[in-house]
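Notes follow the structure.
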Amino acid sequence: GAVVSQHPSWVICKSGTSVKIECRSLDFQATTMFWYRQFPKQSLMLMATSNEGSKATYEQGVEKDKFLINHASLTLSTLTVTSAHPEDSSFYICSARGSVQETQYFGPGTRLLVL
Amino acid sequence: GIQVEQSPPDLILQEGANSTLRCNFSDSVNNLQWFHQNPWGQLINLFYIPSGTKQNGRLSATTVATERYSLLYISSSQTTDSGVYFCAAYTGGGNKLTFGTGTQLKVEL
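Protein sequence lines correspond, in order, to chains A and B. With the first sequence counted from 1, adding 432 to any position gets you my numbering. With the second sequence counted from 1, adding 89 to any position gets you my numbering.
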């Protein structure tokens, strides 16, 4: 149990376009979802935390107008990278946690390359 | 904020060898977890271990919260153990995971 999926797994886009990444909890209800960013050879950095039906809480230094997060249901959260630029190229990972779970479960990640 | 440091940063093992990975944290934490990130980037939960010792097959973990460290033991390593091992701790209100710096492990034949 506790499976989290992400789509797409890879995306290549031109500079200036917007990219939407979906994160789904497949077999549990995710009351809280998290979005992380990981650069090569580095650790995971938390970008934002979202609770179902409420606005996301962004970490310091993360532009909320740049990285739009929607947690519309207990099984789906989306991250939209607006007007993407090459410096937004990274590995984006979501995770989810249910109300009765002690830990978070992670999606397989989305590799974004902005040309 | 809390600092989570891991050692060693890189480790190369021959298949069948044993190893110990260490995680030090700078402040009290609510609990601690170990993850394995495979070469494709997927994070796999290994242990949720706020204190004490747990074992799962060839892996075991020990957390000594009062001394602010945790250890991950890998015995009889296999090539499939390759990847990055992260420890992570919940801090503050217990909702945010702060990840350690990671240990890159390569197991060779």
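All residues carry an ideal CB built from backbone N, CA and C; glycine is no exception.
- Per the Cβ contact rule, the segment 502-518 of chain A is in contact with the segment 455-473 of chain A (3 or more Cβ pairs under 8 Å).
- Proximity of E454 (chain A) to chain B, defined by a Cβ-Cβ separation below 9 Å, is not satisfied.
- Against chain B, the beta carbon of T464 (chain A) has neighbours under 8 Å at N184, listed in chain order.
- Within chain B, the C-beta atoms nearer than 8 Å to that of S475 (chain A) come from F175, F188, G189, T190 and G191, in chain order.
- Between G541 (chain A) and chain B, the shortest Cβ-Cβ separation is below 9 Å.
- Minimum Cα-Cα distance from Q131 (chain B) among the listed residues A:P540, A:G485, A:N502 and A:H439 corresponds to A:P540.
- S159 (chain B) is positioned such that its CB atom lies closer than 9 Å to that of L121 (chain B).
- Between Q126 (chain B) and L110 (chain B), the CB-CB gap reaches or exceeds 9 Å.
- Within the same chain, L547 come within 6 Å of K446 (chain A) by CB-CB distance, once the 5 residues on both sides are set aside.
- Between the beta-carbon of S441 (chain A) and that of T542 (chain A) there is about 6 Å, and that keeps the pair under the 8 Å contact cut.
- When 8 Å is used as the limit between beta carbons, T481 (chain A) is near these residues of chain B: N184 and K185, in chain order.
- The shortest C-alpha to C-alpha distance from E156 (chain B) to any of B:D116, B:N184 and B:K185 is the one to B:D116.
- Among the residues facing chain B, T510 (chain A) is not included, as its CB has no counterpart in that chain under 9 Å away.
- DSSP places V451 (chain A) in the uninterrupted beta strand (DSSP E) bounded by V451 to S457.
- Your pair T168 (chain B) and V93 (chain B) does not check out as a contact, with CB atoms roughly 27 Å apart and the cut at 8 Å.
- For the segment 106-135 of chain B, the beta-carbon criterion of a distance under 9 Å to any beta-carbon of chain A is satisfied by N120, Q122, F124, Q126, W129, G130, Q131, L132, I133 and N134.
- Ranked by Cα distance from G189 (chain B), the options B:K195, B:L198, B:E197 and B:A178 are led by B:A178.
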